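K.L.:
Please see the structure below; I have some questions.
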């Protein structure tokens, strides 16, 4: 889907300040289910040891403010950005050398025996680090059980096993981690139910520093807390590295999504040279362009610093600072956003490789009819091998914005032409089936446009879904279904630009209101359902009380009289599928019924309203007073009463 472009070498990136806002309990050593050392008190904590080679002087030491500021080359860097703040433990090779020679150090910081692991069936090691390398090595090791007798017996190097965080051994000369680099390692294999477990950190070589804080061994996933918390757990299980903003929204580290304006404030066109200049200004390392709208770019930054030597320049602006700078000071862009993660109904654990490209149009997929209403499904894809669905898959005869091999839709995840649904629960396919059933029921000519924006695990990033939305607009979809979202306290800019372009084209967007049974508000919103544009329909899920037979908002569904437009059946929804037994539940499956109703309206030549207006009018005709506190005006549509 994207065009690779040339690289611009980054100066240095730094300060990850998002965690500075979080209050943290500073010490719980030997808690029942975990071990935690936050180095808040001066001196070496009880049970910890420092060992140094006699012919290689220098030792680990406590730093009250979390800095290595005694060194010549510290250059006003920020302190380590750990959750506990305050004290940390430091090896300051730079500060130990006042004569500017190049010494060789070798010192190890070792924890006491961790008793908590004897009770745990799953064990993670986590710690915060801030490391800068000149000619040194920083090694993390665990003393664990390698022969299965539940007693630690050997030291295991963990650097190449990090689930999250930068491996210090992989950093080149003058490179550094972020100040708040959270390292997470699954050490279950050697630590679960084992006694005598310890962890140690060894700095060897010369220059600059390694700062360690909040060393923890425990059963819980130690990722930054997200809103809702389960999202972070699932992203972690899926093997996705992420950070969170001040609200708790997870995003891809060191990435920014940017949308260019056509002209700058002086009226000069924002051409390729102008864009290159802007990337250079902000130290972009790599970038990708959305083929369907070249205004949209994904910027990637090096997480480590770069410089010509010990006196190399230091750039302390993190990706959030760059976002604010680009958005507020640069007239070449209409907006920029963190590359936030969004998610569908169920996130899965890490899964194998993605889809291989198609070499031809799949058999059985036929040309579109002029009467077909086109419904784009932005999701995990559609299983177009299912016989009844195959008959209704959109065929892209003109190549569109992706060229001649764009046969039936696009895969934003694997950047190829195969939008097959490879998720275990076939989320996108189930969404498509809800639409399919309704359209077949009323005998409306239609085609389903598969746009694979979400990985098999069920998550996506902002760039992929935004580029997918522009794809659907450029390929002239009539309706777009978005059964996914993310929580935030304020809307982002770039996807909203795609929504606004869809509005200009009269395209209806049906969006799931979310499944946490939360009351949405101006300080707790789910997007894209929360966008204020009139073509976006925020859809809650209905259930029928088995005793009274009355319709009510499902216990899984979010709700709001101000921010949810309409409710549709979303509990135990029946779909006819070879892979689906029983009903499916969630706002993901309420939204596509609304999408189908909008599509039917678009396909009715006697009906003058755009689909989104028709749906609202339809819901107004079926208001339930009992729902007026949870859905705007108590609007509902049901399978029995949907105005068609």
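Numbering (this note's numbering), first residue to last: 88 to 731. Every residue, glycine too, gets a C-beta built ideally from N, C-alpha and C. Here the structure is a predicted model, which is why all the values come from computation and not from measurement.
In this structure, does DSSP put residue 249 in helix, strand or coil?
P.N.:
Residue state, collapsed to three classes: coil.
K.L.:
In the structure shown, what three-state DSSP assignment does residue 366 receive?
P.N.:
It is helical.
K.L.:
For residue 161, which option in 295, 527, 237 and 488 has the closest C-alpha, if you only look at C-alpha atoms?
P.N.:
Nearest option by C-alpha distance: 295.
K.L.:
Can the beta-carbon of residue 410 be found closer than 8 Å to that of residue 421?
P.N.:
Contact flag unset, no.
K.L.:
Could you give the residue range of the alpha helix (DSSP H) that holds residue 520?
P.N.:
514-528 is the extent of the alpha helix (DSSP H) around residue 520.
K.L.:
Just tell me which of 612, 682, 583 and 627 has its CA closest to the CA of residue 521.
P.N.:
Residue 682 is the option with its Cα nearest to residue 521.
K.L.:
What are the boundary residues of the alpha helix (DSSP H) that includes residue 277?
P.N.:
Its alpha helix (DSSP H) spans residues 275-278.
K.L.:
Quick one: Cα of residue 673 to Cα of residue 350, how far?
P.N.:
Answer to the nearest angstrom: the Cα atoms are 43 Å apart.
K.L.:
Which one of 617, 708 and 612 has the shortest CA to CA distance from residue 334?
P.N.:
That would be 612, whose Cα lies nearest to the Cα of residue 334.
K.L.:
DSSP three-state call for residue 653: helix, strand or coil?
P.N.:
Strand.
K.L.:
Report the rounded CA-to-CA distance for residue 301 versus residue 363, giving the unit in angstroms.
P.N.:
Residue 301 and residue 363: Cα-Cα distance of roughly 40 Å.
K.L.:
Give, in chain order, every unbroken run of the beta strand (DSSP E) that is at least 3 residues long and sits entirely within the region 308-378.
P.N.:
Entirely contained in the region 308-378, the beta strand (DSSP E) runs reaching 3 residues are, in chain order, 337-347 and 373-377.
K.L.:
Let me confirm a value: residue 491 is counted as buried when at least 16 other C-beta atoms fall within 10 Å, else exposed. Which label applies?
P.N.:
The residue is exposed, with fewer than 16 neighbouring Cβ atoms inside 10 Å.
K.L.:
Our contact map puts residue 256 next to residue 246 with C-beta atoms below 8 Å; I'd like the distance itself, whole angstroms only.
P.N.:
Yes, they are in contact, since the Cβ atoms of residue 256 and residue 246 sit about 5 Å apart, within 8 Å.
K.L.:
Could you check what DSSP says for residue 241 in three-state terms: helix, strand or coil?
P.N.:
Looking at residue 241 - three-state DSSP - the assignment turns out to be strand.
K.L.:
Count the C-beta pairs between the region 567-580 and the region 496-510 that are closer than 8 Å, then say yes if the count reaches three, no if not.
P.N.:
No: fewer than three Cβ pairs fall under 8 Å.
K.L.:
Is residue 642 buried or exposed, if buried means 16 or more other CB atoms sit within 10 Å of its CB?
P.N.:
Residue 642 should be labelled exposed.
K.L.:
In whole angstroms, give me the CA-to-CA distance for residue 459 and residue 637.
P.N.:
Spanning the two alpha carbons is a distance of roughly 36 Å.
K.L.:
Does the count of Cβ pairs from the region 505-519 and the region 547-561 closer than 8 Å reach three?
P.N.:
No: fewer than three Cβ pairs fall under 8 Å.
K.L.:
Quick check on DSSP: helix, strand or coil for residue 303?
P.N.:
Residue 303: strand per DSSP, three-state reduction.
K.L.:
Apart from the five residues just before and just after residue 481, which ones in its own chain have a Cβ nearer than 7 Å to its Cβ?
P.N.:
For residue 481, where only same-chain residues beyond five positions count, the Cβ hits under 7 Å are 455, 461, 495, 496, 534, 535 and 536.
K.L.:
For residue 409, name the three-state secondary structure that DSSP assigns.
P.N.:
Looking at residue 409 - three-state DSSP - the assignment turns out to be helix.
K.L.:
Take residue 287 and list the residues in its own chain whose beta-carbon comes closer than 6 Å to its own, dropping the five residues that flank it on each side.
P.N.:
If we look at residue 287 and ignore the five residues flanking it on each side, its Cβ neighbours are 195, 197 and 228.
K.L.:
DSSP three-state call for residue 111: helix, strand or coil?
P.N.:
Reliability of the predicted coordinates at residue 111 is poor, the pLDDT of 25 falling under 50, and the value obtained from them is presented with this limitation in mind. Note: residue 111 maps to coil in three-state DSSP.
K.L.:
Using the DSSP secondary-structure output, state which residues sit across from residue 569 in a beta bridge.
P.N.:
BP columns for residue 569 point to 598.
K.L.:
Strictly by DSSP, which residues pair up with residue 295?
P.N.:
Residue 295 pairs with 220.
K.L.:
Between residue 281 and residue 238, how many whole angstroms is the CB-CB distance? I'm expecting something under 8 Å.
P.N.:
That pair is a contact at about 6 Å.
K.L.:
Can you tell me where the alpha helix (DSSP H) with residue 607 in it begins and where it stops?
P.N.:
Where residue 607 is concerned, there is no enclosing alpha helix (DSSP H), given that its DSSP letter is neither H nor E.
K.L.:
Distance check for residue 625 and residue 650, CA to CA, integer angstroms please.
P.N.:
Rounded to whole angstroms, residue 650 to residue 625 spans 7 Å at the Cα level.
K.L.:
Tell me the residue span of the beta strand (DSSP E) that contains residue 195.
P.N.:
Element bounds for residue 195: 192-197.
K.L.:
Which class does residue 229 belong to by DSSP, given the choice of helix, strand or coil?
P.N.:
Residue 229: strand per DSSP, three-state reduction.
K.L.:
If we call anything under 8 Å between Cβ atoms a contact, is residue 359 one with residue 271?
P.N.:
For residue 359 and residue 271, no; Cβs fall outside 8 Å.
K.L.:
Count the other C-beta atoms from every protein chain shown that fall within 10 angstroms of the C-beta of residue 464, then say buried if there are 16 or more, exposed otherwise.
P.N.:
Its Cβ being crowded by 16 or more others within 10 Å, residue 464 is buried.
K.L.:
What's the C-alpha gap between residue 635 and residue 607?
P.N.:
C-alpha separation (whole angstroms): 27 Å.
K.L.:
Can you grab the Cα-Cα spacing for the pair residue 453 / residue 479, in whole Å?
P.N.:
Answer to the nearest angstrom: the Cα atoms are 8 Å apart.
K.L.:
Identify, in the order they occur along the chain, each residue of the same chain with its Cβ nearer than 8 Å to the Cβ of residue 310, setting aside the five sequence neighbours on each side.
P.N.:
Counting only Cβ-Cβ distances below 8 Å, and skipping sequence neighbours, we find 251, 269, 271, 319, 320, 322, 323 and 329.
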